[in-house]
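Trainee: My questions all concern the structure below.
There are 2 protein chains.
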Amino acid sequence: MLSTGLPQGAVPKLERPGPLRDRVYEALLELITTRALQPGRHLVESELAGHLGVSRQPVREALQRLNTEGWVDLRPAQGAFVHEPTEEEADQLLTVRTLLEAEAARLAAANADSAGIAALEALCAEGEKAVDADDVDGAVAMNARFHAKIMELAGNAVLAELAAQVDRRVRWYYTPVARRRGHQSWIEHRELIAAVTDRDEQRATRLMREHTEHTRRSYHARSRV
Amino acid sequence: MLSTGLPQGAVPKLERPGPLRDRVYEALLELITTRALQPGRHLVESELAGHLGVSRQPVREALQRLNTEGWVDLRPAQGAFVHEPTEEEADQLLTVRTLLEAEAARLAAANADSAGIAALEALCAEGEKAVDADDVDGAVAMNARFHAKIMELAGNAVLAELAAQVDRRVRWYYTPVARRRGHQSWIEHRELIAAVTDRDEQRATRLMREHTEHTRRSYHARSRV
DNA sequence: TGATTGTCTTTCGTCTACAGTCCACGGCGC
DNA sequence: GCGCCGTGGACTGTAGACGAAAGACAATCA
């Protein structure tokens, strides 16, 4: 038997770095979302390739994916430019985000089981703890995980994928403005959990819609300095 | 002078076909949506390249774009396979489609001007004419243009882009089943136009939701043979 | 006879090279 | 001084080539 001669649990599994293009994609997305690459900047393939230690080809493929997802604009025969967000576009993204999140809340209310609800409450508790500790980064992270969990409970993969993309871009647009709604946001999360527990689809939809609209208003209030 | 040696009117060279990858993308998408390439089929890069008369590179880029949009599955170190739709996924797509279309109807009701409404009525008239003439292809085309016009009147580019992708895939999933709801569909369109004219957002939302739900049911009824 | 292993083919992933295109800069004429 | 044209450089678009991983098949050994 083979298993006798092998250390059973500790097979290190041969970490495969995966396709280069994916790593380049994530690296570039990280650079864009962190504003290391500013909007409007010209991205030169050979430059990025040299900087990342790879050839131009994976860089090209990553850029094209970023293009289809709206992170960069690919002007023909000229190259890639980091997308420049406009007020109008940001507003449209927020509209769509509200829509998708509200539907997710409705589906979550329809489908969630007790385990899922328990998970939501656990995330909520952690989020409140982070807020109490003035851990802004932690609170933001828990907020994202909370919404992701709602999405997961909704059980609609298509919806989840669209929402993930929209969410990421919304966050990018509004990261320059500091955001911390603190306690109020988590109070609304608690109310949402209650609605989900009661399987009240309409109330869950309404609460999530109001919740994201609150966030939208607070974003707008801060972005118009 | 150079011009004397040239055939004066026949300089065909001005038409720029645009990047090759885009043409390959559209060609492949056409082949997939028309079922010339069946779901599950293994797409070999060099084969496609040879068939289309280009190099592998544009084919690769087109395949990756098709991958991010959900038309093909790209298995690492193995290649591209035409995505195989499942019942569950189709249902999720229909849910999202209903959501996006209903929101578009709401926004159209809020924003549409008289010119837009006139355009809708014109499209509706043409659609009814096609139905009366038993022109199924024409009716389907007019239906698509009607919904696209609603989307345009909504004035939300982000929403429109998402809806376009979802719509295309929904149509792909359900093209094997013959679809013709005929007159009833256009009656509902008329009702929707009335709601938009009255600027009644709630009624427009409800009508569009019911409309796409009807379509969904008729799809389901036919697909479960 | 069955499983295992070695090899072999196919295909992808990546790199390098070349041609085409666009932009900027400088010279020239007006 | 101002505008237009030609030229140079830089970058992208495309093609072709090489190395590597995965699957298939046959030969070998228990």
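Chains as they are written, first to last, in UniProt numbering: chain C, 1 to 225; chain P, 1 to 225. The beta carbon of each residue, even a glycine, is placed where N, CA and C say it ideally should be. The structure displayed is predicted, hence computed values, not measured ones.
Whole angstroms is fine: what's the gap from L99 of chain P's alpha carbon to T68 of chain P's?
Mentor: Those two C-alpha atoms are separated by around 22 Å.
Trainee: Are the beta-carbon atoms of L66 of chain C and Y25 of chain C separated by less than 8 Å?
Mentor: Cβ atoms of L66 of chain C and Y25 of chain C: closer than 8 Å.
Trainee: Mind listing the chain C neighbours of V96 of chain P? Cutoff is C-beta to C-beta under 9 Å, in chain order.
Mentor: Those are L100, E103, N156, V158, L159, L162, listed as they occur along chain C.
Trainee: Can you give me the C-alpha to C-alpha distance between P85 of chain C and V131 of chain P, rounded to a whole angstrom?
Mentor: Near 43 Å, if we compare the C-alpha coordinates of V131 of chain P and P85 of chain C.
Trainee: Round the Cβ separation of A133 of chain P and E201 of chain P to the nearest angstrom and send it over; I've been treating them as touching at under 8 Å.
Mentor: With a Cβ gap of about 34 Å, A133 of chain P and E201 of chain P do not count as contacting.
Trainee: What does DSSP give as the partner residues of F146 of chain C in its beta bridges?
Mentor: The partner list for F146 of chain C (beta bridge, DSSP) is empty, contrary to what the question assumes.
Trainee: Pull up the distance between the alpha-carbon of G155 of chain P and that of E213 of chain C, whole angstroms please.
Mentor: Rounded to the nearest angstrom, the two C-alpha atoms are 19 Å apart.
Trainee: Are the CB atoms of V166 of chain C and V96 of chain C within a distance shorter than 8 Å?
Mentor: A contact, by the Cβ cut-off of 8 Å.
Trainee: Comparing the C-beta of E30 of chain C with each C-beta of chain P, is any distance below 8 Å?
Mentor: Chain P contact via Cβ: absent.
Trainee: May I have the straight-line CA-CA distance separating G182 of chain P from E191 of chain P, to the nearest angstrom?
Mentor: Cα to Cα, G182 of chain P sits roughly 15 Å from E191 of chain P.
Trainee: In this structure, what does DSSP give as the bridge partners for D73 of chain C?
Mentor: C:F81.
Trainee: For L31 of chain P, collect the residues of the same chain with a Cβ closer than 6 Å to its Cβ; drop the 5 residues on either side in sequence, then sort them by chain order.
Mentor: Result list for L31 of chain P: L37, in chain order.
Trainee: In whole angstroms, give me the CA-to-CA distance for I150 of chain P and R217 of chain C.
Mentor: Each residue's Cα considered, the two are about 27 Å apart.
Trainee: Please look up how many angstroms separate the CB atoms of R60 of chain P and E45 of chain P, rounded, as I've assumed it's under 8 Å.
Mentor: Going by Cβ atoms, the distance from R60 of chain P to E45 of chain P rounds to 6 Å, so yes, they are a contact pair.
Trainee: Applying the criterion that 16 or more other CB atoms from any shown protein chain within 10 Å of the CB defines a buried residue, is S215 of chain C buried or exposed?
Mentor: Correcting the residue type first, residue 215 of chain C is Thr in the shown sequence and not Ser. It is buried - the Cβ of T215 of chain C has at least 16 other Cβ atoms within 10 Å.
Trainee: When you check each C-beta in the region 48-72 of chain C against every C-beta of chain P, which residues fall closer than 9 Å?
Mentor: Residues Q57, R60, E61, Q64, R65, N67, T68, E69, G70.
Trainee: Could you check what DSSP says for L48 of chain P in three-state terms: helix, strand or coil?
Mentor: It is helical.
Trainee: With a CB to CB cut of under 7 Å and the five nearest residues on each side skipped, what residues in its chain are close to R145 of chain P?
Mentor: Excluding residues within five positions, the ones whose Cβ falls inside 7 Å are L123.
Trainee: Which residues, taken in chain order from the region 109-133 of chain P, show a beta carbon closer than 8 Å to some beta carbon of chain C?
Mentor: Listed in sequence order: no entries.
Trainee: Where do the N-terminal and C-terminal ends of the alpha helix (DSSP H) with A90 of chain C fall, by residue?
Mentor: A90 of chain C -> alpha helix (DSSP H) spans 87-111.
Trainee: Run through DSSP, which three-state label would L120 of chain C get?
Mentor: Residue state, collapsed to three classes: helix.
Trainee: Can the beta-carbon of W186 of chain P be found closer than 8 Å to that of G127 of chain P?
Mentor: It is a contact, given that the beta carbons lie within the stated cut-off.
Trainee: Find the residues of chain C that neighbour L93 of chain P, judging by a C-beta separation of less than 7 Å, and give them in chain order.
Mentor: Going along chain C in sequence order, the residues near L93 of chain P (Cβ under 7 Å) are V158.
Trainee: Report the residue from P:M208, P:V82, P:Y173 whose alpha carbon sits nearest the alpha carbon of H189 of chain P.
Mentor: Among P:M208, P:V82, P:Y173, the Cα nearest to that of H189 of chain P belongs to P:M208.
Trainee: Within the 8 Å Cβ cut-off, does E89 of chain C reach chain P?
Mentor: Yes - at least one Cβ of chain P is within 8 Å of the one on E89 of chain C.
Trainee: Who are the near neighbours of R169 of chain C in its chain, counting only those whose CB is closer than 7 Å to its CB and skipping five residues on each side?
Mentor: Excluding positions up to five away in sequence, the list reads G70, L93.
Trainee: For L74 of chain P, which residues in the same chain have their Cβ closer than 6 Å to its Cβ, ignoring the five residues on either side in sequence?
Mentor: Result list for L74 of chain P: N67, A80, in chain order.
Trainee: When the Cα atoms are used, what is the spatial distance from T175 of chain P to E47 of chain P?
Mentor: Their Cα atoms are separated by approximately 27 Å.
Trainee: Can the beta-carbon of V72 of chain P be found closer than 8 Å to that of L63 of chain P?
Mentor: Result yes, Cβ atoms of V72 of chain P and L63 of chain P sit closer than 8 Å.
Trainee: Which word fits R35 of chain C, buried or exposed, when buried means at least 16 other C-beta atoms lie within 10 angstroms of its C-beta?
Mentor: The residue is exposed, with fewer than 16 neighbouring Cβ atoms inside 10 Å.
Trainee: Under the three-state reduction of DSSP, which class applies to L37 of chain P: helix, strand or coil?
Mentor: Here L37 of chain P sits in coil by DSSP.
Trainee: Are P19 of chain C and P76 of chain P close, meaning C-beta to C-beta below 8 Å?
Mentor: Contact flag set, yes.
Trainee: If we count the other Cβ atoms within 10 Å of its Cβ and call it buried at 16 or more, is G9 of chain C buried or exposed?
Mentor: Residue confidence is low: G9 of chain C scores 42 on pLDDT, short of 50, so the model does not pin down where it sits. No coordinate-derived value is stated.
Trainee: Going straight from the alpha carbon of R23 of chain C to that of M142 of chain C, what length do you get?
Mentor: Straight-line Cα distance between these residues: approximately 25 Å.
Trainee: Excluding the 5 residues flanking W172 of chain P on each side, which residues of the same chain have their C-beta closer than 7 Å to its C-beta?
Mentor: Cβ within range, chain order: T33.
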